[in-house]
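Just below is one structure, and these are the notes that go with it.
Number of protein chains: 2
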Amino acid sequence: MTTDGPSATTPGAMTLRDHARGAVRDEVMRCAWLLFLEHGFEGTTVDQIAEAAGMSRRTFFRYFAGKEQLVLERLVESGRSIADELAARPASESAWSALRAAFQAVVVLQEQHPDQARPLMVMLRTEPALRGSVLERRRRWHELLTPLVTARLPRGRGAAADVRAAAVTGSALACLEAAQDAWTDHPGTSLPRLLDQAMAAVAPL
Amino acid sequence: MTTDGPSATTPGAMTLRDHARGAVRDEVMRCAWLLFLEHGFEGTTVDQIAEAAGMSRRTFFRYFAGKEQLVLERLVESGRSIADELAARPASESAWSALRAAFQAVVVLQEQHPDQARPLMVMLRTEPALRGSVLERRRRWHELLTPLVTARLPRGRGAAADVRAAAVTGSALACLEAAQDAWTDHPGTSLPRLLDQAMAAVAPL
DNA sequence: TCACGATTGGCACGCAGTGCCACCTATGGC
DNA sequence: GCCATAGGTGGCACTGCGTGCCAATCGTGA
């Protein structure tokens, strides 16, 4: 019994239980989100979430490893899509340009649903307890993307190869964050445009 | 009564109490560090730290806002020094080069005391509870450095100016982290050299 | 109908952090 | 010397998160 959802080892085998489990998870996240919007993240207790979702506190912890997981869940999903996009870019493309292109799907998705994305962004920066989750997301995306970036960099040996790919990946993610922050602060701006400006300010696209 | 140490509003007025308070804080941090090395961060309880330092649990929380603070303390200090170095660089220097130079002091200091720095780095990456602290440090450094970086960038207007400075600062910090990570993983490497490689891989120095 | 596994909920922990209050101690005025 | 005051200290109780354990329950198949 894990809290990771449908077993990742057998992706094709979605049993009836897995579907039910997924539905329950979605419902809990929906209830929790409403409470977060009303009372904030810290101001909402697990007991309240469990009650709103119609389950006991103990059962809640069988579906989610913790309260943070409710927020983290949404963030980590996009990482896979970025990695897929990056892998699909032509091999001739530079790492920086490929990363910019790989971010496009996430950025567009975010801009299409500002009513969902903006409150989330605000909450992530407002609530101190959630700052760890942001780093966690960043870390996982970094882990996912770094090997793909390595392939697009001139060959190096030893620690030099590692550090370059990590630096490029981390910088790109920093640009993404900067763009998202600016977009959150300045309503009416275009997120893809901000991302272009951010990444162009660091290295030529 | 705060937990921020000597009152920041009157930096010159170090009363006798402030000195005593500082000494106690140092001693608690020393005791805590020994326990962290032995049992890990999560494996050490506040009660153990308080007992080792010869005070009650309640009193501990009057000196530190929480257990994380014991680790965070050491990290945030360096931020001021980086900001000072950056402000002291010639105005003609590019933002990227100035940032590289501003990191030098911290990087050299870290390399001079690997026996202290390495376990800290390892702990920061190993303990999930400390990941939030890392982000917190990063965030504060970012806040400190961004305005200084803005001055070294070509003029922009509105959100464009903000996002560029934030992106450049964030990228530089990402390079620093990448270099520190590689240095932690590969004993015997030169941290300043790794930082050069990291930053050069993103933008020309 | 029975047996089996999975889910659930309740209970009791341990740990972090906080508010409140009583105690002690150092300092200064009388 | 005596007392008043302020600040440090410790104890107690409380909320909240997260976990281990166990009994009750539900669904499924034999």
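As given, the protein sequences belong to chains A and B, one line each in that order.
Just so you know, the first sequence maps onto residues 1 to 205 in my numbering.
Just so you know, the second sequence maps onto residues 1001 to 1205 in my numbering.
A virtual CB, placed ideally from N, CA and C, is assigned to each residue, including glycine.
In this structure, DSSP gives Ser133(A) a helical state, which the three-state scheme calls helix. Closest in C-alpha terms to Leu1072(B), from the list Arg1155(B), Leu1130(B), Ala1102(B), comes Leu1130(B).
For Ser1171(B), the residues of chain A that pass the 7 Å Cβ criterion are Ser171, Ala174, Cys175, Val202, in the order they occur in the chain. Counting only runs of 4 or more residues that sit fully inside the segment 1058-1117 of chain B, the alpha helix (DSSP H) segments are 1067-1088, 1095-1112, in chain order. Proximity of chain B to Asp162(A) at the Cβ level (cut-off 7 Å) is accounted for by Ala1182, in chain order. For Leu120(A), the three-state secondary structure derived from DSSP is helix.
At least 7 Å separates the beta-carbon of Val1163(B) from that of Ala203(A).
In the three-state DSSP reduction, Met55(A) falls in the coil class, being neither helix nor strand.
The three-state secondary structure of Glu1042(B), taken from DSSP, is coil. Secondary structure of Arg157(A) (DSSP, three-state): coil. In this structure, the alpha-carbon of Leu1191(B) lies about 7 Å from that of Glu1111(B).
In terms of CA proximity to Val46(A), Arg57(A) leads the group Gly40(A), Phe36(A), Val122(A), Arg57(A).
Residue range 191-202 is occupied by the alpha helix (DSSP H) that includes Leu195(A). By the neighbour-count definition (other C-beta atoms within 10 Å, threshold 16), Ser171(A) is a buried residue.
In its chain, beyond the 5 residues on either side, Trp96, Ser97, Arg100, Asp196, Met199 have a beta carbon closer than 8 Å to the beta carbon of Leu205(A). Chain-ordered listing is empty here: chain A has no CB closer than 7 Å to the CB of Thr1150(B), the nearest sitting near 11 Å. A direct Cα-to-Cα measurement between Arg157(A) and Asp181(A) gives close to 36 Å. Taking the Cα positions, Leu1194(B) is about 51 Å away from Leu16(A).
In terms of beta-carbon proximity, Val107(A) stays away from the interface with chain B, with every pair separated by 7 Å or more. Listed along chain A, the residues sitting closer than 8 Å to Met1199(B) by beta-carbon distance are Ala167. In this structure the segment 123-141 of chain A does not lie against the segment 1015-1032 of chain B, because fewer than three pairs of beta carbons, one per stretch, are closer than 8 Å. Taking CB atoms only, Leu1194(B) has a neighbour in chain A less than 7 Å away.
When Cβ-Cβ separations below 7 Å define contact, Arg131(A) makes contact with chain B. For the segment 33-53 of chain A, there are no residues whose beta carbon sits under 7 Å from a beta carbon of chain B.
For the pair Gln48(A) and Leu37(A), the CB atoms are not nearer than the 7 Å cut-off. At a cut-off of 7 Å between beta carbons, Ala101(A) makes no contact with chain B. Taking 7 Å as the threshold, the shortest C-beta distance from His1113(B) to chain A does not fall below it. A straight-line Cα-Cα distance of about 20 Å links Met55(A) and Glu42(A). Distances from the alpha-carbon of Gly1188(B) to those of Ala159(A), Ala174(A), Asp185(A), Ala165(A) put Ala159(A) closest. Scanning Leu173(A), Ala166(A), Gln69(A) for the CA closest to the CA of Ala151(A) turns up Ala166(A).
In summary, Thr184(A) is buried, with 16 or more beta-carbon neighbours lying within 10 Å of its beta-carbon over all protein chains present. At a C-beta separation below 7 Å, Val1134(B) has these neighbours in chain A: Leu135. With respect to the 7 Å criterion, Val1076(B) and Arg1125(B) are not classified as neighbours on the basis of their beta carbons. Listed along the chain, the chain B residues whose CB falls inside 7 Å of the CB of His19(A) amount to none; the nearest CB is some 30 Å away.
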